[in-house]
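> Numbering (our numbering), first residue to last: 1 to 416. In this text, a Cβ means the ideal position worked out from N, Cα and C, and glycines have one as well. One structure is given below, represented as structure tokens, and several questions about it will come after.
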């Protein structure tokens with residue numbers, strides 16, 4: 001039986017793959033493919049791709065899906081995975097026709113398209129099919145695609161050396177490279193662990209020079225590739241670059257086909273909307289939980305009224321606006337959970353939350369002097385402390401900020 005230490009090339013990897021589950025096969029080909037992302041990243045936005053009217057966004061979407069599939073894959077994505085895989089394989093057939101001009105060496109793009117771009121697109125398509133439910137990909141093909149990835153990365157390093165006007169002798173041949181990382185992935189599988197959450201390059205990254213060059217462009221203000229930079233850095237170094245929340249990645253993967261076809265700028269706008277909506281949803285959920293927690297410490301009037309005779313000062317009860325805030329936070333949460341929330345519903349909820357929060361603030365201010373009154377019955381003390389707590393813990397301020405944030409979200413992004 002082939003072990004991790006025995007894997008040095010395509011043939012030894014193929015032997016190991018034959019004894020593995022579909023999940024194990026996918027985990028190694030997925031990580032191999034993800035290591036090639038900088039090759040396409042260097043192409044994105046370059047003059048070469050613009051002149052040839054080539055956008056790699058469909059391929060970027062494929063890479064994103066590969067990173068999502070595996071241990072926590074959503075079965076609802078299976079149809080999407082198959083569709084994107086087919087699109088990627090279609091691009092693999094046409095990519096040379098799109099990019100190639102005879103005898104042109106794409107120095108700026110770090111790689112000669114004639115030799116490697118179509119191979120990388122084919123490898124991405126294979127990884128997607130390998131991750132799809134019900135698909136069986138032959139170990140021989142998986143091993144071949146991984147070898148293609150290795151070849152492409154080596155070629156990229158050499159081409160980047162030329163692009164940087166360095167001599168071949170300065171190319172760092174000491175970097176272990178693809179097969180060294182493959183043994184780590186295989187070793188994780190052999191010990192019953194999943195390598196998918198480990199840093200993509202656990203040793204030295206042979207793509208570092210390429211990625212540094214990409215970062216110099218993608219880190220500029222207003223870059224339409226800012227999300228892709230954050231996403232890939234979270235794969236390269238998850239310890240220092242926290243992963244983007246899975247629900248956000250899933251929603252990005254589900255962006256409609258027409259948007260992907262319109263290019264990086266249009267996709268970036270939709271990604272910004274998705275991330276802003278997710279952040280709002282988290283704020284709404286947190287405020288709902290805190291509001292409910294504070295309210296849970298107040299006994300209901302029905303449990304208090306019978307204990308006090310007529311003529312006693314009326315018991316304090318929560319203002320009606322408290323229930324209004326709760327209801328509108330629930331409405332906003334339900335709407336923000338939708339892929340495309342209604343602007344009208346959110347606009348109305350924001351206005352009501354803001355108005356009710358201000359009313360509660362006024363009510364709490366009027367009751368402030370009772371906080372130190374030791375002669376109040378216990379239920380009234382609870383109500384007064386509830387109002388004081390909303391103010392002192394900043395809940396009212398956060399409700400007002402939330403109202404404004406929802407309003408800005410509605411204004412910033414189009415929708416029904």
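Can you confirm whether the region 349 to 357 touches the region 321 to 330 when touching is taken to mean that 3 or more C-beta pairs between the two stretches lie within less than 8 Å?
By the Cβ criterion, the region 321 to 330 is in contact with the region 349 to 357, since at least three pairs of Cβ atoms, one from each stretch, lie closer than 8 Å.
> Confirm, please, whether the CB-CB distance from residue 148 to residue 206 is below 9 Å.
As a position in the chain shown, residue 206 is number 206, starting the count at 1. As a position in the chain shown, residue 148 is number 148, starting the count at 1. No, they are not a contact pair.
> Helix, strand or coil for residue 3, going by three-state DSSP, please let me know.
Taking the chain shown and counting its residues from 1, one reaches residue 3 at position 3. In the three-state reduction of the DSSP assignment, residue 3 falls in the coil class.
> Could you give the distance in angstroms between the alpha-carbon of residue 296 and the alpha-carbon of residue 3?
Residue numbering aside, residue 296 sits at position 296 when the chain shown is read from its first letter. Residue numbering aside, residue 3 sits at position 3 when the chain shown is read from its first letter. Distance between the alpha carbons of residue 296 and residue 3 is about 58 Å.
> Determine the DSSP secondary structure at residue 140, reduced to helix, strand or coil.
If you number the chain shown from 1, residue 140 lands on position 140. DSSP places residue 140 within a helical segment (H, G or I) once states are collapsed to three.
> Are there three or more Cβ pairs, one per stretch, closer than 8 Å when the region 63 to 70 is compared with the region 265 to 284?
no
> Taking the runs of the beta strand (DSSP E) that are 3 residues or longer, which of them lie wholly in the region 161 to 249?
none
> Is residue 262 helix, strand or coil by DSSP?
Position 262 of the chain shown, counted from the start, is the residue given in the question as residue 262. Correct three-state label for residue 262: coil.
> Is it a yes or a no for the region 230 to 240 touching the region 182 to 196, going by three-plus beta-carbon pairs under 8 Å?
no
> Could you check what DSSP says for residue 38 in three-state terms: helix, strand or coil?
On the chain shown, residue 38 is found 38 positions in, with the first residue counted as 1. Helix at residue 38.
> Once DSSP output is grouped into helix, strand and coil, what is the label at residue 328?
Residue 328 sits at position 328 when you count from the first residue of the chain shown. Note: residue 328 maps to helix in three-state DSSP.
> Can you grab the Cα-Cα spacing for the pair residue 80 / residue 221, in whole Å?
Reading the chain shown from its first residue, position 80 is the one you call residue 80. Reading the chain shown from its first residue, position 221 is the one you call residue 221. If you take the alpha carbons of residue 80 and residue 221, they lie about 32 Å apart.
> Report the three-state DSSP secondary structure of residue 20 (helix, strand or coil).
As a first step, residue 20 must be located in the chain shown, where it is residue number 20. If DSSP states are grouped into helix, strand and coil, residue 20 belongs with coil.
> Once DSSP output is grouped into helix, strand and coil, what is the label at residue 118?
Counting from 1 along the chain shown, the entry for residue 118 is found at position 118. If DSSP states are grouped into helix, strand and coil, residue 118 belongs with the helices.
> According to DSSP, is residue 54 part of a helix, a strand, or is it coil?
Counted from its first residue, the chain shown places residue 54 at position 54. Residue 54: coil per DSSP, three-state reduction.
> Can you confirm whether the region 8 to 19 touches the region 117 to 137 when touching is taken to mean that 3 or more C-beta pairs between the two stretches lie within less than 8 Å?
Cβ pair count under 8 Å is below three, so no.
> By alpha-carbon positions, which one of 139, 36 and 265 ends up nearest to residue 14?
As a working note, residue 14 is residue 14 in the chain shown. Of 139, 36 and 265, the residue nearest in Cα terms is 139.
> The alpha helix (DSSP H) spanning residue 413 covers which residue range?
The count along the chain shown starts at 1 and reaches residue 413 at position 413. Here residue 413 belongs to no alpha helix (DSSP H), and DSSP marks it neither H nor E.
> Going along the chain, which residues of its own chain have a beta-carbon closer than 6 Å to the beta-carbon of residue 41, five neighbours each way excluded?
Translated into the one-based positions of the chain shown, residue 41 becomes position 41. So the qualifying residues of the chain are 214.
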